[in-house]
Amino acid sequence: MNRIQGTLPNALLIVLAFFMILPLLMSATNSFMSDGELGENYDSRDAEQQTEEVKKGFNSMKLIPDSFTLKQYYQVLIAKHKFLRMFWNSVFIVLPIVAGQVIISSMAAFAFAKLRFRGRDTLFFIYIVLMLMPFQVTLVPNYLTLDRLGLIDSYLSLVFPGVFSAFGVFLLRQFMMFIPNECIEAAKVDGCSLVHIFFKIILPMSKGGIASLAILSFIDNWNMVEQPLIFLKDANKYPLSIYLSRVNGGELGIAFAAGIIYMLPMLFMFLYGENYLVEGISHSAIKR
Amino acid sequence: MAGERKRGEIAAVLLFLGPSTLGILIFYIVPFIWMIFYSFFDSPINGKFAGFGNYVELINSGAYRQAVVNTITFTGISVPLIIVLSLILSLLLNERMHFRQELRTSFIVPLVVPVASVILFFELLFDTRGIINGMLSIVDIAPVDWMNSSWAMAVVIIIYIWKNIGYNIVLFLAGLQGIPKEYYEAASLDGAGKVAMFTHITLIYLMPTIFFTIIISIINSFKVFREVYLLAGDYPYQGIYMLQHYMNNMFRRLNYHKLVTAAILMAVFIYIMIFVLFRIQKRINNAIGE
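From first to last, the protein sequence lines stand for chains A and B.
So this note's numbering is basically just the index in the first sequence, starting at one, shifted up by 599.
So this note's numbering is basically just the index in the second sequence, starting at one, shifted up by 155.
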């Protein structure tokens with residue numbers, strides 16, 4: 600009896616899990632299809648140009664290619680320069696944000712977690728409120744300052760608001776709260792300066808938290824859509840996320856391949872750091 | 156000696172906290188305070204005090220209302236749905252079963268996949284001549300124009316749940332792990348059934364986590380613009396015209412008054428919401444003695 604009780608939810612979960620990864624699976628296998636094969640499967644996409652007869656048909660979903668080809672990847676990586684340029688745009692936007700965020704946040708988190716000063720709790724409360732504010736609120740003050748500083752349409756307009764993120768400070772503080780105060784007191788008695796303590800004790804003991812923050816920040820910013828739409832005027836500077844939404848029906852094959860290359864860095868990072876990601880999300884819970 | 160040490164601490168606070176707080180002040184707080192003043196004046200040059208005039212004008216604007224109603228509708232439907240679904244899935248995943256690790260991974264994966272990478276799949280799925288309509292045609296159901304009818308909201312909700320459910324599952328699984336096993340053992344000795352254990356132990360001790368997850372889900376639901384934009388562009392079907400679409404339009408027209416006023420109204424709304432939710436969470440924490 601108990602066996603059957605356990606098997607049914609198990610089977611249900613396996614089916615659901617399949618649907619969860621279906622978008623990835625299908626995008627991946629379709630990226631190895633030739634233009635001809637994709638055209639056959641999805642010929643009804645540009646319905647206006649089709650004859651009545653074809654119009655009756657529907658797109659069919661096909662998981663396994665008839666013939667395997669790397670031509671789409673050749674197109675994306677070698678023949679068309681636009682894709683690669685957009686890819687590097689994304690890299691140039693995201694790397695400085697992640698690096699800056701980790702440095703600035705770990706310093707501030709140390710102050711919030713381990714130093715005592717007047718107004719600390721009030722200031723930290725402001726950080727939490729800011730962290731919970733959606734883009735619809737924060738993009739406007741960001742824009743006003745960026746405009747005043749003349750940074751609109753430069754990558755710095757995306758980098759600065761990203762670097763000074765309240766979330767990074769909050770998350771790392773959560774991790775640093777677990778470092779015993781005795782470690783710090785002992786080091787102080789030995790005559791260590793706070794700078795020394797930060798580099799020799801706090802940072803090494805927060806490695807897990809820093810990895811978590813780096814991964815979460817990478818994911819979030821690699822997926823960036825709202826900020827570039829508003830802060831960048833020159834479409835050539837757009838990151839890949841926006842470019843991918845604008846590929847038209849004639850370039851289906853390229854779009855699949857480009858989408859896969861775009862998600863690969865994230866997937867590798869996930870495979871390598873799934874536990875850090877899970878740790879990071881678990882620590883983001885505000886329990887008090 | 157003590158005074159010197161004190162001075163050292165203050166210097167350390169400035170050194171470590173300074174860069175972050177300065178950045179937050181410059182890019183968030185100072186412009187926001189300026190916005191509050193600005194929202195009460197009718198033009199930046201003449202600077203005539205307008206009271207709540209800008210707010211009244213904003214609330215009377217049809218596009219803004221539409222965006223607010225759509226955003227609230229979306230949040231109101233999708234958040235309870237994702238909470239219930241993720242809670243059920245987490246309870247199942249918390250039991251011993253085959254492929255547990257792999258199953259958890261497949262629910263988290265959508266979290267790391269950039270939406271832009273798989274948006275084509277969803278387009279092909281929900282196209283008028285798409286895969287779902289193709290399947291419906293087999294059982295003789297007429298094709299539905301998913302993205303240009305009231306179904307569009309359902310599509311957006313599906314994509315939101317697909318994308319975000321992993322986050323909630325991670326939070327819930329961590330919360331479930333945090334409930335001491337002894338509680339269940341004691342209850343089972345007292346002859347409590349599975350349902351009683353769920354309502355009297357699991358649900359109660361999971362409450363703080365549930366509340367935090369609700370807050371995060373609401374916050375994440377405001378980010379759904381990303382998916383809608385990638386799927387339907389600047390001008391989607393009016394049923395899924397979200398607040399962020401409205402803000403983008405105001406940015407394009409450089410209508411600062413509407414932008415500033417809308418941002419402040421939303422900030423006030425979010426602040427009140429989290430204030431109330433955190434209060435309730437605190438009460439629950441006190442009640443269960445944590």
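A virtual CB, placed ideally from N, CA and C, is assigned to each residue, including glycine.
Is there a C-beta anywhere in chain B that falls below 8 Å from the one on F723(A)? F723(A) does not count as touching chain B.
Can you tell me where the alpha helix (DSSP H) with M823(A) in it begins and where it stops? For M823(A), no alpha helix (DSSP H) encloses it, and the DSSP letter there is neither H nor E.
If you reduce the DSSP assignment to three classes, tell me which class F204(B) lands in. Strand.
For the alpha helix (DSSP H) that K349(B) lies in, which residues bound it at each end? In the DSSP assignment, K349(B) falls within the alpha helix (DSSP H) that extends over K349 to M352.
Where the segment 690 to 713 of chain A meets chain B: residues whose CB sits under 8 Å from a CB there: From the segment 690 to 713 of chain A, only I703, S704, M706, A707, F709, A710 and F711 have a Cβ closer than 8 Å to chain B.
Looking at C-beta atoms only, is the number of pairs between the segment 863 to 883 of chain A and the segment 675 to 682 of chain A that lie closer than 8 Å three or more? Contact between the segment 863 to 883 of chain A and the segment 675 to 682 of chain A is absent, because fewer than three Cβ pairs lie under 8 Å.
Contacting residues, own chain, Cβ-Cβ under 8 Å from A417(B) (five flanking each side not counted): The answer, listed in chain order, is L213, Y219, L398, Y401, M402 and M405.
For S689(A), is the beta carbon positioned less than 7 Å from some heavy atom of the ligand MG? This structure lacks the ligand MG; in fact it carries no ligand of any kind.
According to DSSP, is F196(B) part of a helix, a strand, or is it coil? Shown here, F196(B) sits in a strand according to DSSP, grouped into three states.
Quick one: which chain B residues come within Cβ less than 8 Å of N741(A)? F182, Y183 and P186, listed in chain order.
I'd like to know if V736(A) contacts chain B, where contact means its C-beta is closer than 8 Å to some C-beta of that chain. V736(A) counts as touching chain B.
Please report the straight-line C-alpha distance between D634(A) and P740(A), rounded to a whole angstrom. Straight-line Cα distance between these residues: approximately 46 Å.
Applying a beta-carbon distance threshold of less than 7 Å, which residues of chain A neighbour P269(B)? The answer, in chain order, is W821, N822, S840, Y861, M862 and M865.
Distance check for Y396(B) and Y390(B), CA to CA, integer angstroms please. So the two alpha carbons sit approximately 7 Å from each other.
Let me know the secondary structure DSSP gives D389(B) once reduced to three states. Correct three-state label for D389(B): coil.
Reference M428(B), options M352(B), I313(B), I374(B) and M362(B), closest by Cα: Of the candidates M352(B), I313(B), I374(B) and M362(B), the one whose C-alpha sits nearest the C-alpha of M428(B) is I374(B).
Quick one: Cα of Y742(A) to Cα of N822(A), how far? If you draw a straight line from the Cα of Y742(A) to the Cα of N822(A), it is about 20 Å long.
Within 8 Å, do at least three Cβ pairs link the segment 685 to 704 of chain A to the segment 796 to 804 of chain A? Contact between the segment 796 to 804 of chain A and the segment 685 to 704 of chain A is absent, because fewer than three Cβ pairs lie under 8 Å.
Taking only the alpha-carbon atoms, compute the straight-line gap between E278(B) and G285(B) and give it to the nearest angstrom. Cα-Cα distance, rounded: 8 Å.
Looking at the C-beta of V168(B), does it have a partner C-beta in chain A at a distance below 8 Å? Yes, V168(B) lies at the interface with chain A (some Cβ there is under 8 Å from its Cβ).
For chain A, check one thing: does any of its Cβ atoms lie closer than 8 Å to the Cβ of H400(B)? Any Cβ of chain A closer than 8 Å to the Cβ of H400(B) would place that residue at the interface, and such an atom is absent.
Three-pair Cβ contact test at 8 Å for the segment 725 to 737 of chain A versus the segment 176 to 193 of chain B: Counting Cβ pairs under 8 Å, three or more are found: they touch.
Do Y672(A) and A884(A) have their CB atoms nearer than 8 Å? A distance of 8 Å or more separates the beta carbons of Y672(A) and A884(A).
Give the residues of chain A in contact with P265(B), contact being defined as C-beta atoms less than 7 Å apart. Neighbours of P265(B) on chain A, chain order: M619.
Extent of the continuous alpha helix (DSSP H) run through M252(B): Where M252(B) is concerned, there is no enclosing alpha helix (DSSP H), given that its DSSP letter is neither H nor E.
Buried or exposed (CB count within 10 angstroms, at least 16 for buried), Y871(A): Per the 10 Å Cβ criterion, exposed.
Checking 8 Å against the spacing of the C-beta atoms, do V762(A) and F711(A) come in under that value? It is not a contact, given that the beta carbons lie outside the stated cut-off.
Taking C-alpha atoms, which residue in Y384(B), H412(B) and F377(B) lies nearest to I425(B)? Just measuring C-alpha positions, the residue of Y384(B), H412(B) and F377(B) sitting nearest I425(B) is F377(B).
For H412(B), count neighbouring C-beta atoms within 10 Å of its own C-beta (all shown protein chains included) and say buried if the count is 16 or more, exposed if not. H412(B) is buried by the Cβ-count criterion.
Report the neighbours of H253(B) on chain A: residues whose CB is nearer than 7 Å to its CB, in chain order. Residues of chain A whose Cβ lies closer than 7 Å to the Cβ of H253(B) are, in chain order, N609.
What would DSSP say about Y673(A), mapped onto helix, strand or coil? If DSSP states are grouped into helix, strand and coil, Y673(A) belongs with the helices.
Any beta carbon from chain A within less than 8 Å of I313(B)'s own beta carbon? Judged by the 8 Å Cβ criterion, I313(B) is not in contact with chain A.
According to DSSP, is A166(B) part of a helix, a strand, or is it coil? Three-state DSSP puts A166(B) in a helix.
Report all residues from its chain with a CB closer than 8 Å to the CB of I243(B); omit the five preceding and five following residues, and keep chain order. The answer is none, since no qualifying residue turns up.
Would you list, in sequence order, the uninterrupted alpha helix (DSSP H) runs of no fewer than 4 residues that lie entirely inside the segment 268 to 324 of chain B? With a minimum length of 4 residues, the continuous alpha helix (DSSP H) runs that stay inside the segment 268 to 324 of chain B are 270 to 281 and 286 to 293.
Anything in the segment 756 to 775 of chain A with a Cβ closer than 7 Å to a Cβ of chain B? List those residues in chain order, please. Within the segment 756 to 775 of chain A, the residues whose Cβ lies closer than 7 Å to any Cβ of chain B are, in chain order, F759, P760, V762, F763, A765 and V768.
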